[in-house]
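One structure is given here, and the rest of the page talks about it.
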Amino acid sequence: MGLIAKYECAKALISGHHHAGAFCMVGKLPCIVLEGMVETEDNSYGTVALYPDKMVITGKGRMTSRTINF
Numbered sequence: 000m001g002l003i004a005k006y007e008c009a010k011a012l013i014s015g016h017h018h019a020g021a022f023c024m025v026g027k028l029p030c031i032v033l034e035g036m037v038e039t040e041d042n043s044y045g046t047v048a049l050y051p052d053k054m055v056i057t058g059k060g061r062m063t064s065r066t067i068n069f
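Below is the structure:
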């Protein structure tokens, strides 16, 4: 984490999956762990849209929606 967080070109760290999901900041770097999309009765998924000034994650089902401003 310390290595990645040193680079200003890194805008976010996204990994998955952890059934509950998670979010934290390491310095200025947002770290997102996506929720598990299995073992759910509803269809769950997410899309990511990238813009020059932000990243928008739009979640469906148990996936959390987030806007990360750069």
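Numbering (numbering that gives the first Met the number 0), first residue to last: 0 to 69.
Here a beta-carbon is modelled for each residue, glycine too, at the ideal position from N, C-alpha and C.
Model, not experiment: these values are computed from the prediction.
| Query | Result |
| --- | --- |
| Quick one: Cα of residue 25 to Cα of residue 1, how far? | 8 Å |
| Assuming residue 48 contacts residue 28 (C-beta within less than 8 Å), just tell me the rounded distance between them. | Not a contact, Cβ separation roughly 19 Å. |
| From what residue to what residue does the beta strand (DSSP E) around residue 26 run? | Counting along the chain, residue 26 falls outside any beta strand (DSSP E), and DSSP gives it neither H nor E. |
| What's the gap between the Cα of residue 52 and the Cα of residue 10? | 10 Å |
| Leaving out five residues before and five after residue 41 in sequence, what residues of the same chain have Cβ atoms less than 6 Å from its Cβ? | 60 |
| On the CB-based measure, 16 or more other CB atoms within 10 Å of its CB, does residue 34 come out buried or exposed? | buried |
| Relative to the alpha-carbon of residue 44, which residue among 50, 58 and 32 has its alpha-carbon at the smallest distance? | 58 |
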